[in-house]
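Student: For reference, the structure I am asking about is given below.
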Amino acid sequence: MQPLLEVENLTVRFRIMGLVRQLLVATSRPWVEAVASVSFNLAPASTLALVGESGSGKTTLGRALIGLVQPSGGRVRFEGADLPDRSAVAWKRWRRQMAMMFQDPVGSLSPRLTVRALIAEPLAIHGAGPQDLGAEARRLLGLVGLPADIGGRFPHELSGGQARRVGVARALSLNPRLVIADEPTAGLDVSVQGEVLNLMSRLQQELGLAYLLITHNLAMVRHVSDRLAVMYLGRLVETGPTDEIFIRPAHPYTHALLAAQPQPDPDRRRLTVELTGEVPSLRNRPPACEFHTRCPFAQPICREEAPELRDIGPERKARCHFPLASG
Amino acid sequence: MSERSSAILEVKDLSVAYATPRGAVRALAHVDLTVPRGEIVGIVGESGCGKTTLISAVLRLLPGNAAVTGGSILFNGREVLAMNDAELRRLRGGGIAMVFQDPMTALNPVLSIGRLMTDVQFREQRSTPEKQVAAIAMLRRVGIPDAESRLDDYPHQFSGGMRQRIAIAMALLTNPSLLIADEPTTALDVTMEAQIIHLLRALRRDFAGSILFISHNLGLIAELCDRVAVMYAGEVVESGPVGALFHNPGHPYTQALLRCDPARIERRTAELPTIPGEVPNLLVPPTGCVFADRCPDTIERCRTTVPVPVSLGPDHQARCIRIDNAAAA
Numbered sequence: 001m002q003p004l005l006e007v008e009n010l011t012v013r014f015r016i017m018g019l020v021r022q023l024l025v026a027t028s029r030p031w032v033e034a035v036a037s038v039s040f041n042l043a044p045a046s047t048l049a050l051v052g053e054s055g056s057g058k059t060t061l062g063r064a065l066i067g068l069v070q071p072s073g074g075r076v077r078f079e080g081a082d083l084p085d086r087s088a089v090a091w092k093r094w095r096r097q098m099a100m101m102f103q104d105p106v107g108s109l110s111p112r113l114t115v116r117a118l119i120a121e122p123l124a125i126h127g128a129g130p131q132d133l134g135a136e137a138r139r140l141l142g143l144v145g146l147p148a149d150i151g152g153r154f155p156h157e158l159s160g161g162q163a164r165r166v167g168v169a170r171a172l173s174l175n176p177r178l179v180i181a182d183e184p185t186a187g188l189d190v191s192v193q194g195e196v197l198n199l200m201s202r203l204q205q206e207l208g209l210a211y212l213l214i215t216h217n218l219a220m221v222r223h224v225s226d227r228l229a230v231m232y233l234g235r236l237v238e239t240g241p242t243d244e245i246f247i248r249p250a251h252p253y254t255h256a257l258l259a260a261q262p263q264p265d266p267d268r269r270r271l272t273v274e275l276t277g278e279v280p281s282l283r284n285r286p287p288a289c290e291f292h293t294r295c296p297f298a299q300p301i302c303r304e305e306a307p308e309l310r311d312i313g314p315e316r317k318a319r320c321h322f323p324l325a326s327g
Numbered sequence: 328m329s330e331r332s333s334a335i336l337e338v339k340d341l342s343v344a345y346a347t348p349r350g351a352v353r354a355l356a357h358v359d360l361t362v363p364r365g366e367i368v369g370i371v372g373e374s375g376c377g378k379t380t381l382i383s384a385v386l387r388l389l390p391g392n393a394a395v396t397g398g399s400i401l402f403n404g405r406e407v408l409a410m411n412d413a414e415l416r417r418l419r420g421g422g423i424a425m426v427f428q429d430p431m432t433a434l435n436p437v438l439s440i441g442r443l444m445t446d447v448q449f450r451e452q453r454s455t456p457e458k459q460v461a462a463i464a465m466l467r468r469v470g471i472p473d474a475e476s477r478l479d480d481y482p483h484q485f486s487g488g489m490r491q492r493i494a495i496a497m498a499l500l501t502n503p504s505l506l507i508a509d510e511p512t513t514a515l516d517v518t519m520e521a522q523i524i525h526l527l528r529a530l531r532r533d534f535a536g537s538i539l540f541i542s543h544n545l546g547l548i549a550e551l552c553d554r555v556a557v558m559y560a561g562e563v564v565e566s567g568p569v570g571a572l573f574h575n576p577g578h579p580y581t582q583a584l585l586r587c588d589p590a591r592i593e594r595r596t597a598e599l600p601t602i603p604g605e606v607p608n609l610l611v612p613p614t615g616c617v618f619a620d621r622c623p624d625t626i627e628r629c630r631t632t633v634p635v636p637v638s639l640g641p642d643h644q645a646r647c648i649r650i651d652n653a654a655a656a
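Chains as they are written, first to last, in our numbering: chain A, 1 to 327; chain B, 328 to 656.
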C-alpha cells in the first residue's frame, strides 16, 4: 500500500545569529537544527505518535509538514506527489488534504468569532462546501458531538473540552485525509481527555483519517497510536509499532521515558530516578551519540561514533550501538 | 499519628462562596482536611473543583469577592481565620511556604537568583554573607550544579526544571512547617517531573516537613503522598491513606477518576473510559449529592439527601449514601 505521507531526510534549521555575528565568530553553522534529517512514512487511516520532551523538535516537525515552517532540506510527499516548497498559492490545495489541530484549545480559536463562524471559516477561505455554510457548520458540530446551539457562543464561553471539539470540527471542515494534532489533550482533565480521544478514533474509522499525534503524554499514546516515533534533539531515536515499543523499548532514551511515567499505584513507587540531568542545548549538541551524556548504559564507543537509525527487527528501528531489545 | 494535636494543618467544615453578578457561587462546601506533621497529603480533583480556592483560603489570599461562610482553619493549633495582619505575615513568610505551578512567573525576572534567595531570608538574624552561604547550601541541596557561580544568574538563564528547583529552595529557606506545592510539575517534562518528585520525597526525609501536594495527576499522588483527599465540585468526596484509596476507592467519583486514567489501563483499548456529563453549576448547587448527575449508581435518595462522610476503614472516609446502604444490607 502506498503511504499517505512520506518524509525523507526532512531538516529544519533556525538561524540564531546574523551575518555580521556569523563572520565575527567565524562559524559555518549559524543555525540550530531543530529537526535533523527525519524520515518516516505514514499509512492511510493509521495513527503515528511523535513523542519526545519539550525542545525535541516534534512541534517544528509537524509545522514543517504542513508548510507553516520552511524546511531547509529533505523531501515530503503526500500520496506520492511532492509538497510545494514555499509558494502559499501552491500550498492552498494541499491544505485541504492536511489539517492541523493546534496546541492550546482555547488560544487557537479567534476570540472575536463565534463557534459557527470559526467552523465555517476554512470553508469560506477555500470556497468549498455547500452554499449554506450555517447548515454545514451545524453538521460539523453534530459530527463532533456538540449541540447546535453552541454555534452562537464565543471561545471564552466554552470549556476546554468543548473548545477542543471545535478545533476538531475546524480541522475536519475541508474533509482532509491527514490531521496533524499537536498535543490534542494537553490541559484537559482525564475524563475529558478520554472523550476527545474517543471522538478522534471514531472519526478516524468513519472518515478514514490518518493522524500524526504530537504529544508527550505516553499513557495516552499507548491506546490511540499504531506506530510510535521517539524524538531526541531533533532526531528520531526509535520507531516501531506502539505495543512492541511499550513492551520492549530498544533505545535507552525510550526506556527512560517510559520508566519516568508516574505509576498510579502506591505499591509500585519508583525509588530511583533513571534519567538524571537535562536535555542538552541544540547549540551544543553532544558529539557522537547525542544521548551518551545522560545514558545509563553509555560505552566508550558511544562517545566516539554516532550510531545510525538502523533496523533492529521487523518494522523496528533504533539509533543506538547497544539496543536494549533486538529482533 | 492521627491524634488531633499532631496535625500541622486542620481544616474543618470550611465553606467558601464567591459573589458574582449572577449570584453566589458555592466554591467550597463543608471541606475537612488534615495534614499530620511530617506527612505528604495530596489533593486531587479536576479543574474547577476548588483546589486553588482551598489553598487560597488556608493562606488567607482569597480574592475580594470571596467570603468564608463557615468552618475553621487551624494551623499549628491556631485559628487562621482570626489572625491579624502581623500574624498573617508571619504565617505566610515563615509558617507556610508555597511552590507554584509555573516556575517562570513565580520568580521575579529582574532579580538575580542570589538576590532572590537572600531576600527571602529577611526574617533571619544573619548577615548578608551568611545568607548567601545558606542560599548556596540550599541550592546544592535541591540539585543545582555549580551553585556558587550561578548566584548572579537570572531566572531566564535556567531551564524549567532548574527554576522549579530554585523555587523549592526559596520556599525551604524560610524554614516552613508546611510546604504547599500547587501542581509543581505540570509545566515540566516527564523526566524532569520524576526528578522533582524524587527531590520532594528526599526533602521530606531530610527536613521532616509536611507537604500539601495539589495535582490532577493520580500517578504523582500515588508516587508521592501518604494520604489523599479527592475533591469534586467544592467538596472533599473521599479521603484516606493513599494505599486504601487507590486499592479500595469508596466514592463513585474516585472510582471513575481511577478508571479514566489511561496509565492504569494495562491493555490497549480503542474506547477510553470517560465520565459522562458535566460538573454541576455551583450557582445552583445540587440539593443532594454533588456527583448524582454523573454517577452510574444514582438512586432517588441521592438527589435529596446530602451525604455525610461514611467510614470505610482507618482514616478512610467517603461521602456517599450508597456505601451506608451496602454496609447495612
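C-beta atoms are modelled at their ideal positions from N, C-alpha and C, and glycine is treated no differently. Bear in mind the structure is a predicted one, so any value in this text is a computation, not a measurement.
Does the segment 24 to 31 of chain A touch the segment 200 to 210 of chain A, meaning 3 or more C-beta pairs lie closer than 8 angstroms?
Tutor: Cβ pair count under 8 angstroms is below three, so no.
Student: Which one of A:85, A:289, A:118 has the shortest CA to CA distance from residue 305 of chain A?
Tutor: Per the Cα distances, A:289.
Student: Drop a sphere of 10 angstroms on the beta-carbon of residue 392 of chain B, count the other beta-carbons inside from all chains shown, and report buried for 16 or more, exposed for fewer.
Tutor: It counts as exposed.
Student: How would you list, in chain order, the residues of chain A whose beta-carbon sits under 7 angstroms from the beta-carbon of residue 348 of chain B?
Tutor: Under the 7 angstroms cutoff, chain A gives no residues; its nearest Cβ is about 15 angstroms from residue 348 of chain B.
Student: Indicate whether residue 264 of chain A and residue 573 of chain B have their beta-carbon atoms separated by less than 8 angstroms.
Tutor: Yes, the Cβ-Cβ distance between residue 264 of chain A and residue 573 of chain B is below 8 angstroms.
Student: Considering only C-alpha positions, which residue in the set A:296, A:319, A:269, A:273 is nearest to residue 549 of chain B?
Tutor: Nearest option by C-alpha distance: A:269.
Student: Since residue 350 of chain B sits in a beta bridge, which residues does DSSP pair it with?
Tutor: Note: residue 350 of chain B sits in a beta bridge opposite B:347.
Student: Opposite residue 239 of chain A in the DSSP bridges: which residues?
Tutor: According to DSSP, which records beta bridges pairwise, residue 239 of chain A is partnered with A:229, A:317.
Student: Throw me the rounded Cβ distance for the residue 542 of chain B and residue 505 of chain B pair, which I believe falls under 8 angstroms.
Tutor: The Cβ separation is near 17 angstroms, so there is no contact.
Student: Determine the direct distance from the alpha carbon of residue 356 of chain B to that of residue 656 of chain B, and round the result to whole angstroms.
Tutor: Any reading at residue 656 of chain B needs caution, since the residue's pLDDT is 43, under 50, leaving its predicted position unreliable; the model's value is listed next. Rounded to whole angstroms, residue 656 of chain B to residue 356 of chain B spans 29 angstroms at the Cα level.
Student: Counting only the same chain and skipping the five closest in sequence on each side, list residues whose C-beta sits under 6 angstroms from that of residue 534 of chain B.
Tutor: Here the set comprises nothing.
Student: One question on the structure: do residue 209 of chain A and residue 177 of chain A come within less than 8 angstroms of each other, judged by their Cβ atoms?
Tutor: Yes. Within cutoff.
Student: For residue 108 of chain A, decide whether its Cβ has a neighbour in chain B, counting only Cβ atoms nearer than 8 angstroms.
Tutor: Residue 108 of chain A does not count as touching chain B.
Student: Quick check: residue 238 of chain A and residue 254 of chain A, are their CB atoms within less than 8 angstroms of each other?
Tutor: Yes, Cβ-Cβ distance for residue 238 of chain A and residue 254 of chain A is below 8 angstroms.
Student: Enumerate, from N- to C-terminal direction, the unbroken alpha helix (DSSP H) stretches of 4 or more residues contained entirely within the segment 416 to 450 of chain B.
Tutor: Runs of the alpha helix (DSSP H) inside the segment 416 to 450 of chain B: 430 to 433, 440 to 446.
Student: When the Cα atoms are used, what is the spatial distance from residue 444 of chain B to residue 463 of chain B?
Tutor: Using only the alpha carbons, I get a separation of about 9 angstroms.
Student: My output table needs one value for residue 83 of chain A: the three-state DSSP class, helix, strand or coil.
Tutor: Three-state result, residue 83 of chain A: coil.
Student: Which first and last residues belong to the beta strand (DSSP E) in which residue 397 of chain B is found?
Tutor: Per DSSP, residue 397 of chain B belongs to the beta strand (DSSP E) from 393 to 402.
Student: What is the residue span of the alpha helix (DSSP H) that residue 627 of chain B lies within?
Tutor: Run containing residue 627 of chain B: none; DSSP gives neither H nor E here.
Student: Please name the residue, chosen from A:181, A:191, A:172, A:218, that lies closest to residue 516 of chain B on a Cα-to-Cα basis.
Tutor: It is A:218.
Student: By the three-class DSSP mapping on this structure, what secondary structure does residue 524 of chain B have?
Tutor: The answer is helix: DSSP assigns residue 524 of chain B an H, G or I state.
Student: What's the gap between the Cα of residue 478 of chain B and the Cα of residue 525 of chain B?
Tutor: Their Cα atoms are separated by approximately 24 angstroms.
Student: I want to verify the contact list: residues of chain B whose CB lies under 7 angstroms from the CB of residue 219 of chain A, in sequence order.
Tutor: Going along chain B in sequence order, the residues near residue 219 of chain A (Cβ under 7 angstroms) are 589, 590.
Student: DSSP three-state call for residue 139 of chain A: helix, strand or coil?
Tutor: Helix.
Student: Can you tell me whether DSSP reads residue 193 of chain A as helix, strand or coil?
Tutor: Here residue 193 of chain A sits in helix by DSSP.
Student: So residue 215 of chain A is in the beta strand (DSSP E); what residue range does that whole segment cover?
Tutor: Counting along the chain, the beta strand (DSSP E) containing residue 215 of chain A begins and ends at 210 to 215.
Student: Please state whether DSSP places residue 322 of chain A in a helix, a strand or coil.
Tutor: Of the three classes helix, strand and coil, the one that applies to residue 322 of chain A here is coil, per DSSP.
Student: Using a Cβ cut-off of 7 angstroms, pull out every chain A residue sitting near residue 595 of chain B, in sequence order please.
Tutor: Here the neighbours are 222, 223, 243.
Student: Considering only C-alpha positions, which residue in the set B:336, B:335, B:375 is nearest to residue 188 of chain A?
Tutor: With distances taken between Cα atoms, residue 188 of chain A lies closest to B:375.
Student: Any beta carbon from chain A within less than 8 angstroms of residue 522 of chain B's own beta carbon?
Tutor: So yes, residue 522 of chain B belongs to the interface.
Student: Examine the Cβ distances between the segment 62 to 82 of chain A and the segment 130 to 138 of chain A and report whether three or more of them are shorter than 8 angstroms.
Tutor: The segment 62 to 82 of chain A vs the segment 130 to 138 of chain A: no contact.
Student: Would you grab the beta carbon distance between residue 493 of chain B and residue 471 of chain B for me? Rounded to a whole angstrom, and I think it's under 8 angstroms.
Tutor: Yes, residue 493 of chain B and residue 471 of chain B are in contact; Cβ-Cβ is about 7 angstroms, under 8 angstroms.
Student: Against residue 480 of chain B, what residues of chain A qualify as contacts under a CB-to-CB distance less than 9 angstroms, listed in chain order?
Tutor: Near residue 480 of chain B there are no residues of chain A at all, since even the closest Cβ is about 15 angstroms away, more than 9 angstroms.
Student: Can you find a CB in chain B that lies within less than 8 angstroms of the CB of residue 255 of chain A?
Tutor: It does not; no Cβ of chain B falls within 8 angstroms.
Student: For residue 100 of chain A versus residue 171 of chain A, is the C-beta spacing smaller than 8 angstroms?
Tutor: Contact: yes.
Student: Please check the pair residue 35 of chain A and residue 283 of chain A, which I expect to be a contact at CB under 8 angstroms, by giving their CB distance rounded to whole angstroms.
Tutor: Contact flag wrong, Cβ pair sits at about 15 angstroms.
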